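First up is the structure itself, then whatever we jot down about it.
In the working numbering, the protein residues as written are 44 to 389.
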């Protein structure tokens with residue numbers, strides 16, 4: 044499943060959504076013309092997800108992707124349908140990719156949303172929900188996904204009986220592992236937070252470490268992550284025995300811990316931690332709309348690790364990306380684009 048030919052074309056360029064916004068509003072200009080001519084623009088399912096949210100403007104974004112001759116980037120899966128550290132890019136009409144994305148069963152999207160509830164709670168959202176409420180919602184979402192998988196496995200069984208047995212065992216095992224992990228997460232959260240109603244993890248973290256944008260935004264590269272860790276380490280209680288990797292959530296895969304943890308996945312963890320600590324943070328992230336936008340930014344940062352170049356108009360986004368990429372030794376080059384650069388070359 045991973046024996047794809049190595050891409051040997053023009054340098055690949057991943058566009059943050061605000062670059063696509065600029066092209067939709069003002070046209071491709073010289074910058075867009077150069078990208079379509081001299082580079083290979085790529086986009087991800089997160090791009091399609093954001094386009095889906097731009098109700099009434101979907102066709103304008105899809106037309107821009109076609110004008111840019113953009114290729115669809117997707118992470119490769121192994122023989123057990125688990126993510127790998129590689130990705131493919133496919134030439135296809137953006138409308139086809141968008142329709143395919145929308146035709147996928149909504150159970151996967153609900154599952155993803157449910158897994159983000161913990162993060163949303165930490166960011167100060169879901170003020171009326173307890174940790175047990177969140178655990179129940181997540182279990183319900185995975186129960187729906189599990190039933191959906193079993194239905195598809197049942198359809199597969201007459202043609203591939205051995206594979207069906209294997210896939211059912213994997214689905215059952217994952218369901219149990221996830222349930223155990225959710226219960227443990229809720230238990231630990233309830234143990235450490237006396238009253239979860241109205242709780243804000245961001246506020247607690249920054250107050251306990253006496254840290255925030257005022258201290259962190261003065262840090263200059265190189266070694267931004269190490270510098271932030273040095274500051275935080277001084278504030279942590281002596282009995283807290285954490286390593287840098289544990290603090291930034293990159294020591295092991297969250298679910299399950301035994302799974303391989305790839306660089307593009309680690310970017311999510313570091314980016315999220317930087318937001319929590321207050322390093323060029325997103326604003327008003329406790330609000331659902333701003334939370335969704337922040338998670339999309341984080342996901343774009345993750346997918347862009349597969350490209351040669353990342354372009355964005357958001358300096359705060361690029362600051363977090365730069366720090367994450369530097370620490371993980373991601374080779375993607377990043378560039379900030381001003382709106383008035385639309386008719387200028389890079």
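Don't be surprised by glycine CBs; every beta carbon is placed ideally from N, CA and C. Model, not experiment: these values are computed from the prediction.
- Secondary structure of residue 369 (DSSP, three-state): helix.
- Burial state of residue 309 is buried, judged by a 10 Å Cβ sphere holding 16 or more other Cβ atoms.
- Annotation: the region 190–249 contains the following complete segments of the alpha helix (DSSP H) (minimum length 4 residues), in chain order: 204–235.
- Rounded to the nearest angstrom, the gap between the Cα atoms of residue 159 and residue 364 is 20 Å.
- Judged by DSSP in its simplified three-state form, residue 326 adopts coil rather than helix or strand.
- Unbroken alpha helix (DSSP H) runs of no fewer than 4 residues, entirely contained in the region 246–283, are found at 256–259, 267–278, following chain order.
- Within the same chain, 278 come within 8 Å of residue 253 by CB-CB distance, once the 5 residues on both sides are set aside.
- Here DSSP, grouped into helix, strand and coil, assigns residue 147 to coil.
- Under DSSP, residue 83 forms a beta bridge with 55.
- In the displayed model, residue 293 falls within coil according to three-state DSSP, outside both helix and strand.
- Judged by their CB atoms, residue 137 and residue 116 are not nearer to each other than the 7 Å cut-off.
- For residue 373 and residue 306, the gap between their C-alpha atoms comes out near 8 Å.
- By the neighbour-count criterion, in which 16 or more other beta carbons inside 10 Å mark a residue as buried, residue 98 falls on the exposed side.
- Judged by DSSP in its simplified three-state form, residue 321 adopts coil rather than helix or strand.
- Bounds of the alpha helix (DSSP H) holding residue 165 are 160–165.
- By alpha-carbon distance to residue 220, the top candidate from 232, 161, 300 is 300.
- Of the candidates 183, 284, 380, 380 places its Cα closest to the Cα of residue 356.
- In the pairwise beta carbon analysis, the region 322–339 is classified as touching the region 166–177: at least three pairs are separated by under 8 Å.
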